Amino acid sequence: MNTKPILFYDIASGPPKRTFAPNPWKTRYALNVKSAEYETRWVELPEVESTRRALGVAPVRKLPNGEDFYTLPVIHDTSNGIFVGDTFDIALYLDEKYPNATELIPKSSVGLMSVFNAKVDAIFTPSAAIFAHGMPLNPETAEQTKTKFVARAKQFGSQATTWEEMRPKGEFRKSLFDNLKIGLSDLAKSYRFRDKGPFLEGDKLTYADLIVGGWLACLSIALEEWDEVASYDDGLWGKLHEALQKYAEIK
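Residues 67 to 317 (our numbering) make up the sequence shown, in order.
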């Protein structure tokens with residue numbers, strides 16, 4: 067039996083160390099669903115780019131100006147030296163490595179799952195400003211992180227020059243929140259075909275649930291109004307989040 071672990075590179079929070087960003091949550095859930103042997107390597111946010119470069123893992127995203135955008139998670143399978151640096155590709159890799167565990171993405175559904183992934187990210191990403199200030203940043207690197215976030219936001223059209231200026235207020239914040247609620251209500255329509263259970267396919271968990279669940283886990287930590295969001299759509303999102311807690315272990 068192979069006992070060499072997968073190394074999971076996740077973004078470090080303030081103490082106690084825990085996952086808080088949506089994409090690392092997707093991968094942590096996936097690793098735990100697979101009962102994979104893995105260890106977490108915590109990376110400070112200001113060191114994400116240098117760490118990914120040092121690992122030799124190419125970026126998979128771009129900023130609006132065309133520059134590479136270095137993100138986490140990354141996994142390193144120490145049994146064979148393979149690195150994977152995209153959440154969706156990580157799920158596919160885990161299905162290949164652990165074929166006898168719960169299948170995350172059926173081979174016949176890879177294309178559809180990719181479309182669903184893009185749809186879900188498009189619902190949550192525009193509202194990121196309403197929970198960014200609630201993220202549990204490490205106090206030791208928080209100021210560096212905030213400076214990076216302000217600079218990055220300018221790539222997306224932000225006029226803010228400070229972290230506090232980035233905080234949405236008043237009617238603007240309300241509009242972001244309202245749009246999130248509308249997006250979730252639209253997403254809830256995809257769940258109406260299940261007959262029981264909290265998952266998209268009822269009692270059967272798939273990667274689709276981890277895609278949504280990663281964002282919900284982030285909101286549960288960083289959003290003041292999490293209880294309100296959890297109650298939307300007859301409590302669908304709260305129930306899904308709770309159902310995934312058995313896979314939320316920090317290793």
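Don't be surprised by glycine CBs; every beta carbon is placed ideally from N, CA and C.
Given the structure is predicted, the values throughout are model-derived calculations rather than measurements.
To the nearest angstrom, how far is the alpha carbon of L285 from that of R258? 23 Å
Cut-off 8 Å between Cβ atoms - residues of its own chain near K214, not counting five sequence neighbours on either side: L111, P112
Rounded C-alpha distance that separates V278 from G301: 14 Å
Which term fits V181, buried or exposed, when burial requires 16 or more other beta carbons within 10 angstroms of its beta carbon? exposed
On the CB-based measure, 16 or more other CB atoms within 10 Å of its CB, does D269 come out buried or exposed? exposed
Grab the span of the alpha helix (DSSP H) containing D155 for me, first residue to last. 153 to 163
Give the DSSP-derived three-state secondary structure of D76 in the structure shown. strand
Residue span of the alpha helix (DSSP H) that contains F190, given as start and end: 176 to 190
Straight-line CA distance for H307 to L266? 13 Å
How would you call E169, buried or exposed, if buried means at least 16 neighbouring beta carbons within 10 angstroms? buried
Reference D252; option with closest CA among A188, Y313, E290, Q210: A188
Classify R127 as buried or exposed, calling it buried when 16 or more other Cβ atoms lie within 10 Å of its own Cβ. exposed
Check whether the Cβ atoms of Q221 and L138 lie closer than 7 Å to each other. no
In terms of alpha-carbon separation, which member of L276, V295, T144 lies closest to R94? L276
Do you know how far the Cα of H142 is from the Cα of I72? 6 Å
Do the stretch 72 to 88 and the stretch 202 to 209 make contact, defined as three or more Cβ pairs closer than 8 Å? yes
Going by DSSP, name the residue or residues bridged to D260. It is worth fixing the name first, because residue 260 is Arg in this sequence and not Asp. DSSP, once it has assigned bridges, lists no residue as partnering R260.
Beta-carbon proximity list for Y164, same chain, < 7 Å, skipping 5 on both sides: K100, A102
R119 (DSSP reduced to helix, strand or coil): helix
Quick one, are the C-beta atoms of G132 and V140 less than 7 Å apart? no
Consider the Cβ of P130: report whether some Cβ of chain B lies at a distance smaller than 7 Å. Absent from the structure is chain B; it holds one protein chain and no more.
By the DSSP assignment, the alpha helix (DSSP H) with H307 in it spans what residues? 292 to 309
Per DSSP, D134 forms a beta bridge with which residues? K128
Exposed or buried, which one is V145 when buried takes at least 16 other CB atoms within 10 Å? Note on identity: in this sequence residue 145 is Ser, with Val being the wrong assignment. With fewer than 16 Cβ atoms within 10 Å of its Cβ, S145 is classed as exposed.
Using 10 angstroms around the beta-carbon of S174, count the other beta-carbons present and answer buried if the total reaches 16, otherwise exposed. exposed
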